[in-house]
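Structure first, then comments.
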Amino acid sequence: MTTTIQLKYMPDRPESLTGSWLTGQFAGLHARIQNADAEPSPDSWIALAEDWNALKAYAEGERARISHAYAKNLADEQAEARERANREGVTPVLEKGNAHLVAAVLASPHRTALGQRFGEQYLAVLEIGLETIAPINSELRVQTGELAKSYDKLIAGGEVEVAGEKMTLAVARGKTSSEDAATRKEAYFAYYGWYRDHQAELAEIFSKQVGLRDQMGRNLGHDSFIPLGYAGMERTDYGPSEVNRFRNAVREFASPLYKAQRVRQAAALGTKTLKPWDTGYHPELSLPSGIAKPVDGQLDKMGRVFDRLSPKLASHFERMRAENLIDLENRKGKGAGAYCTSFPDEERVAILCNSTGNEGDIGTLTHEMGHAFQGWESQWIEAIELRWPTSDACEVHSMGMEFLSLPYLDEFFSPKNLETFTRNRWAKAVEILCYVSVIDEFQHWVYATPTATCDERDDEFVRLKNIYMPGVDWSGEAAQFEPLRWYAQLHVFRYPFYYIDYAIAETGAMQLGLIDLEDHEACLATYLELCRLGGTKSVLSIFEGAGLRSPFDPEVIRDLMGHAAAVLDLKV
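Mapping of the sequence shown onto my numbering: residues -11 to 560, in sequence order.
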């Protein structure tokens, strides 16, 4: 079916977006600043900001379309060339032009009026983001982006052999949760063996990124990259000290439960200790391999889930299907992981997954659709900076949808399997808090210690992993794989400091899950309102407005882990 795309912003546009065209557009906007400042009324500044917003919508939409097309096939040389041309020839111009206008807005006598026009969070987002687009770091940002693409291509092209069958890394990872112990171990050795064999190449990419990011921070007068990393995540109402307090609560209340889970898992498997290649399968919590096959049938079933959950949300899902905005199945050359993106000038949202037919596909699809639902519901917001909240709030929508959809997943599972899947979601919540904390504290250490060697980084990762995630036996042949998991975490390479967001949001999602058990209609209404808010409020304001307790209250994690322990019948 051919989709006619309606362009809300700048319908009269060039055939392709170029840096030279964008330079001319910004020159015209910049020329209007002096007169807008001089006028007693804010009307000229508001008109200027509206035109700037339209230009950003077009430029960001084009960037997203190009990037999304490339992610679908990283072996497509034409798509790669378009992505590189945009990243190297357009993005620096966009950042430079935006930086000039952001500084002008913040210095304008009409600043307050602009905040009133576009929303209370508008000025805060512009202000904290100013350093992230500083022209002094423009070339360094291009270089780190090129290194990230090198990482993407390497992972996307990775193939291994399991049971005589050649497969992508994503398919091999799926087989690490097989019911068959021999298959689990072979798949684990193949998957992490690939990372071991490419460890030096991946480490070199990351070392270069760390050096460049450290220089970015120092160019702006910081002692390290950390403040710039936080600014990049637009964190306006908390900093490293609050995050450290959050991790402390995870260590106190979640890590002991994680260890108890692993002890229970070893007992269920009939093994004395739990080896890493057995962590993916729990006889009491795992579902049969391939339970979500065929992959091409998942969308029909998920459509029925959303029909039962909310007709409003279901309409977004069906539109995405009709307009080919869901790319579901894993294939060679496809970008790793899963994500949701948007094209603000089209007012459309798309997702990409790497589904292989295992139970994890269902959680991933509901997760990404949670992002998509928020994206659709936030299209009313004019300022494109505010259509998406910060990642720590974004992930409440995605993880919250994982919990809200649970009662309707009988479209996929039998009643018994659905009960198991639901219990496993709470087990995963424990693991999310622990693993995310490892990655977050690791990144803080990396950027506070930018001259560390590759071996020192690996040693620190292992040390932190054993603090937050005890209960796994890494002795013997397992030792070779112990430092490798972070190399498979694309956020570390692509989005520095984007990870604690998942744990912060998980506390909100778990709270939504508990509210849903008491009053489904009220919970759904709260969820829809959260989606509509988009990024018009900061994360703590969003939590408060939804009646959710602050993630930085240690008692929140204590209470949530108490519920998880009860669901999982564990005592610590």
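Even glycine gets a Cβ: it sits at the ideal position worked out from N, Cα and C.
Task: Cα-Cα separation, Thr344 to Leu287 - done: Each residue's alpha carbon lies about 13 angstroms from the other.
Task: The beta strand (DSSP E) enclosing Asp315, as first and last residue numbers - done: Unbroken beta strand (DSSP E) run through Asp315: Ile314 to Glu317.
Open item on the list: Measuring alpha carbon to alpha carbon, tell me which residue in Thr410, Ile455, Ala26 and Leu516 is nearest Gly358.
Closed with: Selected option, being the one with the closest Cα: Leu516.
- [ ] Report the residue from His186, Leu118 and Thr120 whose alpha carbon sits nearest the alpha carbon of Glu147.
- [x] Closest by C-alpha distance to Glu147, out of His186, Leu118 and Thr120, is His186.
Open item on the list: Rounded to the nearest angstrom, what separates Val480 and Asp380 at their Cα positions?
Closed with: Straight-line Cα distance between these residues: approximately 16 angstroms.
Task: Cβ-Cβ distance between Ser229 and Ala436 below 9 angstroms - done: In terms of Cβ geometry, Ser229 and Ala436 do not form a close pair [threshold 9 angstroms].
- [ ] Provide the residue span of the beta strand (DSSP E) that contains Ser155, from first to last.
- [x] Per the sequence shown, residue 155 should be read as Met rather than Ser. Glu153 to Thr156 is the extent of the beta strand (DSSP E) around Met155.
Task: Reference Thr6, options Ala73, Leu(-5) and Ala248, closest by Cα - done: Nearest of Ala73, Leu(-5) and Ala248 to Thr6, Cα basis: Ala73.
Open item on the list: In the DSSP assignment, the alpha helix (DSSP H) including Leu353 goes from what residue to what residue?
Closed with: Run containing Leu353: Gly348 to Glu365, per the alpha helix (DSSP H) assignment.
- [ ] From the DSSP output, in three-state form, read off Gln262 for me.
- [x] Sequence inspection shows Leu at residue 262; the Gln mentioned does not correspond to that position. If DSSP states are grouped into helix, strand and coil, Leu262 belongs with coil.
Task: Coarse secondary structure for Ala254, derived from DSSP in three states - done: DSSP places Ala254 in helix when its eight states are reduced to three.
Open item on the list: By alpha-carbon positions, which one of Phe449, Ala255, Gln468 and Val434 ends up nearest to Phe177?
Closed with: Comparing Cα positions, the closest option is Gln468.
TODO: Would you decide whether Thr439 is buried or exposed? Buried here means 16 or more other CB atoms lie within 10 Å of its CB.
DONE: Its Cβ having fewer than 16 others within 10 Å, Thr439 is exposed.
Task: Segment contact flag, the segment 381 to 393 with the segment 490 to 497, C-beta cutoff 8 angstroms, min 3 pairs - done: Two segments are said to touch when three or more pairs of C-beta atoms, one from each, lie closer than 8 angstroms; by this definition the segment 381 to 393 touches the segment 490 to 497.
Open item on the list: Can you list, in chain order, the residues of its chain with a C-beta nearer than 8 angstroms to that of Arg99? Leave out the 5 residues immediately preceding and following it.
Closed with: Cβ neighbours of Arg99 beyond the five flanking positions: Val93 and Leu111.
TODO: Use the C-beta contact count for Gln362: other C-beta atoms within 10 angstroms, 16 or more gives buried, fewer gives exposed.
DONE: Residue environment: Gln362 is assigned as buried (16 or more neighbouring CB atoms within 10 Å of its CB, all protein chains considered).
Open item on the list: Need the endpoints of the alpha helix (DSSP H) that Leu394 sits in, please.
Closed with: DSSP places Leu394 outside any alpha helix (DSSP H), giving it a letter other than H or E.
Open item on the list: Do Ser243 and Pro471 count as a contact pair if the criterion is CB distance below 9 angstroms?
Closed with: Cβ atoms of Pro471 and Ser243: not closer than 9 angstroms.
- [ ] Under 6 angstroms Cβ to Cβ from Ile124, same chain only, skipping five residues before and after it: list those, please.
- [x] So the list reads Asn207, once near-sequence residues are dropped.
TODO: Go ahead and label Arg75 buried or exposed: buried means 16 or more other beta carbons lie within 10 angstroms of its beta carbon, across all protein chains shown.
DONE: Arg75 comes out buried.
- [ ] Would you kindly report the start and end of the unbroken beta strand (DSSP E) that includes Tyr327?
- [x] Counting along the chain, the beta strand (DSSP E) containing Tyr327 begins and ends at Tyr327 to Phe331.
Open item on the list: Does Lys154 pass the burial test, meaning 16 or more other C-beta atoms within 10 Å, or should it be called exposed?
Closed with: Exposed.
- [ ] Pull up the distance between the alpha-carbon of Lys247 and that of Glu3, whole angstroms please.
- [x] Their Cα atoms are separated by approximately 57 angstroms.
Task: As assigned by DSSP and simplified to three states, the class of Leu111 - done: Helix at Leu111.
Open item on the list: Tell me the rounded alpha-carbon separation between Met(-11) and Phe430.
Closed with: The predicted model places Met(-11) with a pLDDT of 48, which falls under 50 and marks its position as unreliable, so this point remains unresolved.
TODO: Name, in chain order, the residues that DSSP records as bridge partners for Ala338.
DONE: Looking at the DSSP assignment, Ala338 forms a beta bridge with Thr329.
Task: Close beta carbons around Gln109, own chain, < 7 angstroms, minus the five adjacent residues each side - done: Only Leu374, Gly523, Thr524, Lys525 and Ser526 meet the Cβ criterion.
- [ ] Quick one: residues in its chain with C-beta nearer than 7 angstroms to the C-beta of Glu419, no 5 flanking neighbours on either side, listed in chain order?
- [x] Answer for Glu419: Tyr246, listed in chain order.
TODO: From the DSSP output, in three-state form, read off Ser165 for me.
DONE: It is coil, neither helix nor strand.
- [ ] Apply the 10 Å Cβ neighbour rule to Ser393 and answer buried if 16 or more other Cβ atoms are within range, or exposed otherwise.
- [x] Buried.
Open item on the list: Pairs of beta-carbons, one from the segment 294 to 313 and one from the segment 126 to 137, closer than 8 angstroms: are there three or more?
Closed with: The segment 294 to 313 is not in contact with the segment 126 to 137.
Task: Gln249 burial status per 10 Å Cβ neighbour count (16 or more: buried) - done: With 16 or more neighbouring CB atoms inside 10 Å of its own CB, Gln249 falls in the buried class.
Task: Proximity to Gln(-6) [Cα-Cα], best of Gly49, Asp39 and Ala360 - done: It is Gly49 whose Cα lies nearest to the Cα of Gln(-6).
Open item on the list: Taking only three categories from DSSP, how would you classify Glu272?
Closed with: The three-state secondary structure of Glu272, taken from DSSP, is coil.
Task: Residues bridged to Ser343 [DSSP beta-bridge criterion] - done: Bridge partners of Ser343: Glu317.
Open item on the list: List, from N- to C-terminal side, the alpha helix (DSSP H) runs of 4 residues or more that fit wholly inside the segment 61 to 142.
Closed with: As far as the segment 61 to 142 is concerned, its whole alpha helix (DSSP H) runs of at least 4 residues are 65 to 73, 79 to 95, 99 to 106 and 108 to 117.
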